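Comments concern the structure below.
In the numbering used here, the protein residues as written are 15 to 244.
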C-alpha cells in the first residue's frame with residue numbers, strides 16, 4: 015500500500031510548507047500530496063483561500079500581492095511555497111499528487127510539470143493531478159492524455175467509481191469515512207487505483223490493507239509506513 019504524505023508530514027510540521035515536505039521525505043513516504051491555488055501567474059501551495067487558519071494573515075489570498083503573501087508566516091517561520099519550490103525540494107525522489115483547489119489556468123500546472131521533467135529528475139509518471147472539480151480533470155486529460163488524474167469524492171456515489179472510470183482517471187480518491195469494501199471492489203473491477211484520505215488511525219490502516227486499498231493519504235506518513243511494515 016502506497017503512503018502519501020497529506021500536505022507533507024503535516025502532523026510534524028506546518029502543512030503545505032517546505033519543512034513538511036522535507037519531513038515527509040525523511041519519513042520515507044511514497045508520495046506527497048499538496049494543494050494549489052493560483053495567484054496571478056503564480057501557483058501557491060496552500061489549502062484554503064482564506065489565510066487565517068494556516069498563516070498569520072487575515073482575509074483572502076486575492077486581497078494580497080504575491081510579495082505580501084511571501085512575507086506571511088505559515089508556521090514556525092515557514093513561508094507559503096510556490097509549486098515550483100516544492101518541486102525543487104522533492105526533485106523526483108517520490109511521487110507528487112497536486113490537488114487543484116483554486117486554479118483557473120490549468121496550463122500553469124501543466125507547464126510546471128513539463129518543466130520539472132526536464133530540470134528536476136521527474137518523469138510524467140511521478141505526477142498525479144487530483145481535484146473535486148471533475149470538469150477540470152476532464153480538460154486536463156484531454157490536453158495531456160498520459161498524465162495521471164485522481165478523481166476526488168467526499169461521498170459514496172450510487173455508481174461507486176463509475177464517475178472516475180468515465181474520466182479515464184488513474185485513481186479514485188475517497189474520504190475514508192465513506193469508503194467501504196464494495197467501493198474498493200468496484201474500483202478495482204474498473205481497473206482503477208483506489209486511495210483513501212485522510213488516514214491516521216491504525217484500525218483504519220488495518221481495515222484498508224485487508225481490503226487491498228492501493229494507497230492512503232496520511233498526516234503522519236512515517237507512522238503509517240511503520241505500521242504497514244510491521
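Where a beta carbon is used, it is the ideal one built from N, C-alpha and C, also for glycine.
Remember, it's a predicted structure, so these values are computed and weren't measured experimentally.
Candidates the options: closest to residue i by CA position
i           : options               : result
residue 110 : 84, 159, 164 and 168  : 164
residue 158 : 214, 128, 193 and 135 : 128
residue 215 : 142, 236 and 170      : 236
residue 101 : 53, 48 and 121        : 48
residue 240 : 125, 121 and 219      : 219
residue 172 : 200, 184 and 41       : 200
Which of helix, strand or coil DSSP assigns to residue i
i           : result
residue 237 : helix
residue 207 : strand
residue 59  : strand
residue 79  : coil
residue 118 : coil
residue 163 : strand
residue 192 : helix
residue 64  : strand
residue 146 : coil
residue 136 : coil
residue 74  : strand
residue 30  : coil
residue 170 : coil
Rounded straight-line distance, which links the Cα of residue j to that of residue i
i           : j           : result
residue 112 : residue 150 : 13 angstroms
residue 74  : residue 203 : 42 angstroms
residue 81  : residue 243 : 44 angstroms
residue 32  : residue 142 : 19 angstroms
residue 64  : residue 144 : 21 angstroms
residue 115 : residue 55  : 15 angstroms
residue 177 : residue 192 : 16 angstroms
residue 228 : residue 99  : 28 angstroms
residue 174 : residue 162 : 20 angstroms
residue 40  : residue 106 : 14 angstroms
residue 8   : residue 119 : Absent from the model: residue 8. The displayed extent of the chain is 15 to 244, so no value can be given.
residue 208 : residue 230 : 9 angstroms
residue 221 : residue 238 : 13 angstroms
DSSP beta-bridge partners of residue i
i           : result
residue 49  : 113
residue 20  : 47
residue 229 : 16 and 209
residue 96  : 58
Close Cβ partners of residue i (< 6 angstroms) along its chain, the five nearest in sequence each way excluded
i           : result
residue 62  : none
residue 19  : 38, 43, 46 and 235
residue 189 : 168
residue 136 : 106 and 130
Close beta carbons around residue i, own chain, < 7 angstroms, minus the five adjacent residues each side
i           : result
residue 37  : 22, 23, 26 and 27
residue 72  : 65 and 66
residue 182 : 155
residue 103 : 32, 35 and 36
residue 179 : 204 and 206
residue 223 : 15 and 242
Residue i Cβ short of 6 angstroms to the ligand COA heavy atom set
i           : result
residue 101 : Looking for the ligand COA in the displayed structure turns up nothing, as the structure carries no ligands at all.
Interface flag, residue i vs chain B, CB-CB below 7 angstroms
i           : result
residue 186 : The structure shown contains no chain B; it is built from a single protein chain.
Cβ shell of residue i (< 8 angstroms), same chain only, five flanking positions each side left out
i          : result
residue 84 : 93 and 94
residue 57 : 50, 51, 96, 97, 98, 117, 122, 123 and 126
residue 87 : 69, 70 and 93
residue 30 : 21, 22, 24, 48, 49, 59, 60, 61, 68, 88, 94 and 95
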